[in-house]
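Peer 1:
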Amino acid sequence: QVQLVESGGGLVQAGGSLRLSCAASGSIFSIGDMGWYRQAPGKQRDMVATITSSGSSNYADSVKGRFTISRDNAKNTVYLQMNSLKPEDTAVYYCNVLILPFRITYWGQGTQVTVSS
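With the sequence shown counted from 1, adding 4 to any position gets you the numbering used here.
Laid out in structure tokens, this is it:
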């Protein structure tokens, strides 16, 4: 079994910054892609950013230039640095981890990010 523990959410004013962390623990042989998704009230869960095991990243157009995803493979942890936050970034943020070699996906419990105008 694998556990994901997220941290770093909170309330911030527009233009501010937050850093999210997601640490994986448990029965882990190796980790493939890691990512962050978000879900606003009444909306579907959307991809925010993903990063491969070799460090290649991909971003949603709405966060390009403002958010940065990174990972520490030694700590089985993925981060999301969020700068220049906007009210439309308000959502519950979920981390997503692909565990190898059986390619099982796990989700974090979610962390609330609220950006006030």
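Beta carbons: idealized from backbone N, C-alpha and C, even for Gly.
(1) Measure from the C-beta of Ser120 to each C-beta in chain B and report whether the shortest distance is under 8 Å.
(2) To the nearest angstrom, report how far apart Asn1 and Arg70 are at their CA atoms.
(3) Pick helix, strand or coil for Ser29, following the three-state DSSP scheme.
(4) Please classify Asp93 as buried or exposed, where buried requires at least 16 other C-beta atoms within 10 Å of its C-beta.
(5) Going by the DSSP bridge assignment, what does Phe1 pair with across the sheet?
(6) Give every residue of the same chain whose Cβ lies closer than 6 Å to the Cβ of Gly30, excluding the five residues on either side of it in the sequence, and list them in chain order.
(7) In the structure shown, what three-state DSSP assignment does Ser34 receive?
(8) For Ala95, count neighbouring Cβ atoms within 10 angstroms of its own Cβ and tell me buried if that reaches 16, exposed if not.
(9) Compute the distance between the beta-carbons of Gln115 and Gly13, then report whether it is under 8 Å.
(10) Distance, Cα to Cα, Ile103 vs Ala18?
(11) Within its chain, find whatever has a CB closer than 6 Å to the CB of Thr54; leave out the 5 residues flanking it on each side and keep chain order.
(12) Kindly list the residues whose CB is nearer than 8 Å to the CB of Asp50, restricted to its own chain and excluding five residues on each side of it in sequence; keep chain order.
Peer 2: By the coordinates alone:
(1) Absent from the structure: chain B. Only one protein chain is present.
(2) The chain is shown from 5 up to 121; residue 1 falls before or after that span and cannot be answered.
(3) strand
(4) buried
(5) Outside the shown range of the chain (5 to 121) lies residue 1, about which nothing can therefore be said.
(6) Gln5, Val6, Gln7
(7) strand
(8) buried
(9) Residue identity check: residue 115 is Thr in the sequence provided, not Gln. Yes, these two residues count as a Cβ contact at 8 Å.
(10) Near 35 Å, if we compare the C-alpha coordinates of Ala18 and Ile103.
(11) So the qualifying residues of the chain are Asp37, Gly39, Asn62.
(12) Closer than 8 Å at the Cβ level, and outside the excluded window around Asp50, lie Tyr41, Arg42, Gln43, Ala64.
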